[in-house]
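A.B. asks: Could you have a look at this structure, given as structure tokens, before my questions?
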Amino acid sequence: MCLVWGVEITLHVCNHQFFMLYNAARLGSAPLEHDVPYSDICQIVLQKVINKWQELWNEQIHNKLHNVKPVIANWPTLPYRKADATLTRLRVGHTRYTHRYLLFQEPIPMCTSCNIPNTVDHILTKCPNFNSHRLRFF
Ligand SMILES: [Zn+2]
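In UniProt numbering, the protein residues as written are 1 to 138.
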């Protein structure tokens, strides 16, 4: 959580780009000639930060997470921590099944019918082995 001119930024903005943006906004500030309600300033600043963040995120087309979450906004959370963690792992494509090879120095798990690496995206959306499951559950 960060504080920008008194506005709490509760979004997950912990990267270098955010701090560059924050510093640019802070250094470019000028005294106001008219009284403006504090809450209005906070909303405007927060919206500008979010807009700039979205612009930067829109340029990250080669980031694999961009396809998963193209719009910067909070995901709805599930009331159960374990289910929420599982859903997040599926969203980002990092599961024990697909990534355990990194921990145990094993070969990449391959799809036996498609002969390509097994990924969450492949299993959930592409592999013909799971067509019947897709039709049943989606
Ligand atoms: Zn497959």
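We treat Cβ as the ideally placed atom computed from N, Cα and C, and that holds for glycine.
#1: Just list the residues that DSSP pairs residue 117 with in beta bridges.
#2: Quick test of the definition: if touching needs 3 or more C-beta pairs under 8 Å, does the segment 66-74 touch the segment 96-104?
#3: Give me the residue from 109, 88 and 131 with the minimum Cα distance to residue 68.
#4: Report the rounded CA-to-CA distance for residue 79 versus residue 34, giving the unit in angstroms.
#5: Would you call residue 116 buried or exposed, if buried means 16 or more other Cβ atoms sit within 10 Å of its Cβ?
#6: CB residue 92 to CB residue 65, shorter than 8 Å?
#7: Three-state secondary structure (DSSP) at residue 35?
#8: So, with DSSP's three-state summary, where would you put residue 99?
#9: Taking only the alpha-carbon atoms, compute the straight-line gap between residue 49 and residue 85 and give it to the nearest angstrom.
#10: Note the first and the last residue of the continuous alpha helix (DSSP H) segment covering residue 137.
#11: Do the CB positions of residue 140 and residue 98 come within less than 8 Å of each other?
#12: Output needed for residue 119: all residues of its chain with C-beta closer than 8 Å, excluding positions within five of it in sequence on either side, in chain order.
C.D. replies: Reading off the structure:
#1: By 1-based counting over the sequence shown, the position of residue 117 is 117. DSSP lists 110 as partners of residue 117.
#2: Cβ pair count under 8 Å is below three, so no.
#3: As a working note, residue 68 is residue 68 in the sequence shown. With distances taken between Cα atoms, residue 68 lies closest to 88.
#4: For the purposes of this step, residue 79 is taken as residue 79 along the sequence shown, with counting starting at 1. For the purposes of this step, residue 34 is taken as residue 34 along the sequence shown, with counting starting at 1. Roughly 45 Å between the two C-alpha positions.
#5: Locating residue 116 in the sequence shown gives position 116, counting from the first residue. Its Cβ having fewer than 16 others within 10 Å, residue 116 is exposed.
#6: Taking the first residue of the sequence shown as position 1, residue 92 is located at position 92. Taking the first residue of the sequence shown as position 1, residue 65 is located at position 65. A contact, by the Cβ cut-off of 8 Å.
#7: Numbered from its first residue, the sequence shown carries residue 35 at position 35. Looking at residue 35 - three-state DSSP - the assignment turns out to be coil, as it is neither helix nor strand.
#8: As a first step, residue 99 must be located in the sequence shown, where it is residue number 99. Three-state result, residue 99: helix.
#9: Reading the sequence shown from its first residue, position 49 is the one you call residue 49. Reading the sequence shown from its first residue, position 85 is the one you call residue 85. Those two C-alpha atoms are separated by around 28 Å.
#10: Within the sequence shown, the letter at position 137 stands for residue 137. Note, residue 137: alpha helix (DSSP H), 131-137.
#11: For residue 140 there is no data in the structure shown, the boundaries of the chain being 1 and 138.
#12: In the sequence shown, the residue the question calls residue 119 occupies position 119. Contacts found: 93 and 98.
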